[in-house]
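Residue numbers (my numbering): 1 to 178.
Beta carbons are placed, not taken as given, at the ideal position from N, Cα and C, and that holds for glycine.
Contents: one structure, followed by commentary.
So, in structure tokens, the structure goes:
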């Protein structure tokens, strides 16, 4: 991670943007149109998304003006690789949510619920108290909130592959919604 002396992530986002620009340059040199779709998908997930995942759980909370260059470059790379089909991609903010949910879905410390008094109500997860912006970034608040929002329908699922697929579908559905 690259953090400047003011604890801002602008330098880290700039370094990630530079790495993605170098990939864009390399992709411009090769003939991407002649590559099969499964290879294009592999290129995207192994090169581009792996660079975006580096430190995303921290820098995704940056202001929008810092992340705009990164998001626009991600869209350009997707257009370059996939030739502008309706590809649904995860922005850095949604990618952060996906990583948090996948890493903490099975941990019992975040899955404790408050029993609902009536059968018609859903049980809510126990969250730590968060009065400030810093408190809202603690895992003990963020993970139960995300579990309630995205995983309510399949919280009892045991198969992690199905859980990851459902989480990604929910996040893409939120991204596509107007």
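Out of the options, which has the shortest C-alpha to C-alpha gap to residue i?
i           : options               : result
residue 172 : 161, 150, 155 and 157 : 150
residue 82  : 45, 59, 63 and 157    : 45
residue 12  : 36, 54 and 34         : 54
residue 164 : 58, 104 and 141       : 104
residue 124 : 101, 130, 145 and 138 : 145
residue 73  : 152, 57, 48 and 96    : 48
residue 60  : 75, 157, 107 and 90   : 90
residue 110 : 94, 75, 95 and 128    : 128
Cα separation between residue i and residue j?
i           : j           : result
residue 148 : residue 113 : 10 Å
residue 179 : residue 98  : Here the chain has residues from 1 to 178 only, and residue 179 is not among them.
residue 40  : residue 126 : 42 Å
residue 17  : residue 32  : 21 Å
residue 34  : residue 20  : 21 Å
residue 154 : residue 42  : 28 Å
residue 68  : residue 143 : 25 Å
residue 56  : residue 156 : 27 Å
residue 9   : residue 62  : 7 Å
residue 178 : residue 29  : Summary for residue 178: the model assigns pLDDT 45, below 50, so the residue's position carries little reliability; its value from the coordinates is reported in the next sentence. Cα to Cα, the separation comes out at about 36 Å.
Is residue i helix, strand or coil by DSSP?
i           : result
residue 110 : helix
residue 125 : strand
residue 96  : helix
residue 60  : coil
residue 91  : coil
residue 9   : coil
residue 144 : helix
residue 159 : coil
residue 30  : coil
residue 16  : helix
Quick check on residue i: buried or exposed, where buried means 16 or more other Cβ atoms within 10 Å of its Cβ?
i           : result
residue 50  : exposed
residue 170 : buried
residue 167 : buried
residue 36  : exposed
Measuring only from the beta carbon, is residue i closer than 8 Å to any heavy atom that is part of the ligand ADP?
i           : result
residue 127 : The ligand ADP is not part of this structure, which contains no ligands at all.
Per the contact definition of three or more C-beta pairs closer than 8 Å, is the segment 60-80 in contact with the segment 17-28?
The segment 17-28, when compared against the segment 60-80, does touch it at the 8 Å Cβ threshold.
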